[in-house]
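The block underneath contains the structure these notes are about, expressed in structure tokens.
There are 2 protein chains.
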Amino acid sequence: MSDTSCPLCLEAGGALVFQGEKFRVIRASEAGFPAFYRVVWTAHVAEFSSLDLDDRAVCMAAVCAVEQVLREQLQPTKVNLAALGNVVPHLHWHVIARFEGDSHFPAPVWGSAQRPINAAAVAALAARLDLVDGAIARALSV
Amino acid sequence: MSDTSCPLCLEAGGALVFQGEKFRVIRASEAGFPAFYRVVWTAHVAEFSSLDLDDRAVCMAAVCAVEQVLREQLQPTKVNLAALGNVVPHLHWHVIARFEGDSHFPAPVWGSAQRPINAAAVAALAARLDLVDGAIARALSV
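Order-wise, the sequence lines are chains A and B.
Residues in the first sequence are numbered from 0 upward in steps of one, following numbering that gives the first Met the number 0.
Residues in the second sequence are numbered from 0 upward in steps of one, following numbering that gives the first Met the number 0.
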């Protein structure tokens, strides 16, 4: 259930926030989007619908737990969820807190920038992420 | 649970493929991506985590049913799932069959085009969507 050529089988893929048996949560490092988390499924599976019903529920409970912590701690304008995997076909869910003033809002983070990065706002958000990381780890440890 | 200024409360948002009580499935009309479906939640809710546990399961079962039909009928290179809602904050899941030769692959459909649209490939794919629509409707009617 792992693939020696897959970067998400070989490495965490970001700063490790929570490590479970079936999934991990990492914080990504994407310019302009400090509150960008990923739920990475442990087994090397490409498509969400390849999981059995129990694992789908486990996976979405993790995605929801991260989303809820982001909402509670950061009050984002919107949370964006996505499982794409075109480049790395190993199941991972992007969970991204979006804010009206971020560089791309309301476009997707993969779309065109709408304005320059607000470095002060990004730094202020980044300063709160230790608390967010801790809250995510606690939410998933119960 | 509806909002008179919300386009997804007012209109289907695309070609109606399946209408259930809690959600509908529509086929969108996005240039270059004929196999682009959306699962639209009926109630005006912005965030997936605002649904209760039962409704989350109902919603993701619908998303998975659409994904599985796309995989069975079209053998896409990858399926892309996303709930963004920055522009229309009414819960809807994009379920998109992606192909190596499509205009944006491996970029997200919201990213930069990688090559021109292959009109013949798009037309050939579009010609198969009546069957896909029917299979989705059957999968969700059981």
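Note that beta-carbon positions come from the ideal geometry of N, C-alpha and C, so glycine has one too.
Out of curiosity, what's the CA-to-CA distance linking residue i and residue j?
{"i": "Asp132 (chain A)", "j": "Ala123 (chain B)", "result": "47 angstroms"}
{"i": "Val86 (chain B)", "j": "Leu69 (chain A)", "result": "19 angstroms"}
{"i": "Asp54 (chain B)", "j": "Pro115 (chain B)", "result": "40 angstroms"}
{"i": "Glu71 (chain B)", "j": "Leu139 (chain B)", "result": "15 angstroms"}
{"i": "Cys5 (chain A)", "j": "Val39 (chain A)", "result": "12 angstroms"}
{"i": "Gly19 (chain B)", "j": "Val141 (chain B)", "result": "11 angstroms"}
{"i": "Gly146 (chain A)", "j": "Leu128 (chain A)", "result": "Absent from the model: residue 146 (chain A). The displayed extent of chain A is 0 to 141, so no value can be given."}
{"i": "Ala45 (chain A)", "j": "Asp2 (chain A)", "result": "11 angstroms"}
{"i": "His91 (chain A)", "j": "Gly84 (chain B)", "result": "19 angstroms"}
{"i": "Ala42 (chain A)", "j": "Ala11 (chain A)", "result": "13 angstroms"}
{"i": "Ala82 (chain B)", "j": "His89 (chain B)", "result": "10 angstroms"}
{"i": "Tyr36 (chain B)", "j": "Ala125 (chain A)", "result": "35 angstroms"}
{"i": "Ser49 (chain B)", "j": "Pro33 (chain B)", "result": "30 angstroms"}
{"i": "Pro107 (chain B)", "j": "Phe22 (chain B)", "result": "25 angstroms"}
{"i": "Asn117 (chain A)", "j": "Ser28 (chain A)", "result": "16 angstroms"}
{"i": "Ala56 (chain A)", "j": "Arg137 (chain A)", "result": "19 angstroms"}
{"i": "Arg26 (chain B)", "j": "Phe104 (chain A)", "result": "25 angstroms"}
{"i": "Gly100 (chain A)", "j": "Leu9 (chain A)", "result": "35 angstroms"}
{"i": "Ala119 (chain A)", "j": "Leu130 (chain A)", "result": "19 angstroms"}
Report yes if the C-beta distance between residue i and residue j is below 9 angstroms; otherwise report no.
{"i": "Thr76 (chain A)", "j": "Phe98 (chain A)", "result": "yes"}
{"i": "Gly31 (chain A)", "j": "Gly110 (chain B)", "result": "no"}
{"i": "Val16 (chain A)", "j": "Ile135 (chain A)", "result": "yes"}
{"i": "Val65 (chain B)", "j": "Val24 (chain B)", "result": "yes"}
{"i": "His93 (chain B)", "j": "Leu80 (chain B)", "result": "yes"}
{"i": "Met59 (chain B)", "j": "Met0 (chain A)", "result": "no"}
Helix, strand or coil for residue i per DSSP?
{"i": "Leu139 (chain B)", "result": "helix"}
{"i": "Phe22 (chain A)", "result": "strand"}
{"i": "Phe98 (chain A)", "result": "coil"}
{"i": "Leu50 (chain B)", "result": "coil"}
{"i": "Glu66 (chain A)", "result": "helix"}
{"i": "Val121 (chain B)", "result": "helix"}
{"i": "Val86 (chain A)", "result": "coil"}
{"i": "Ala45 (chain A)", "result": "coil"}
{"i": "Ala81 (chain B)", "result": "strand"}
{"i": "Val108 (chain B)", "result": "coil"}
Under the DSSP definition of a beta bridge, which residues are partnered with residue i?
{"i": "Ala60 (chain B)", "result": "According to DSSP, Ala60 (chain B) bridges with nothing at all."}
{"i": "Val38 (chain B)", "result": "B:Val24 and B:Trp92"}
{"i": "Glu10 (chain B)", "result": "In DSSP, Glu10 (chain B) forms no bridge with anything."}
{"i": "Glu71 (chain A)", "result": "DSSP, once it has assigned bridges, lists no residue as partnering Glu71 (chain A)."}
{"i": "Leu15 (chain B)", "result": "B:Ile25"}
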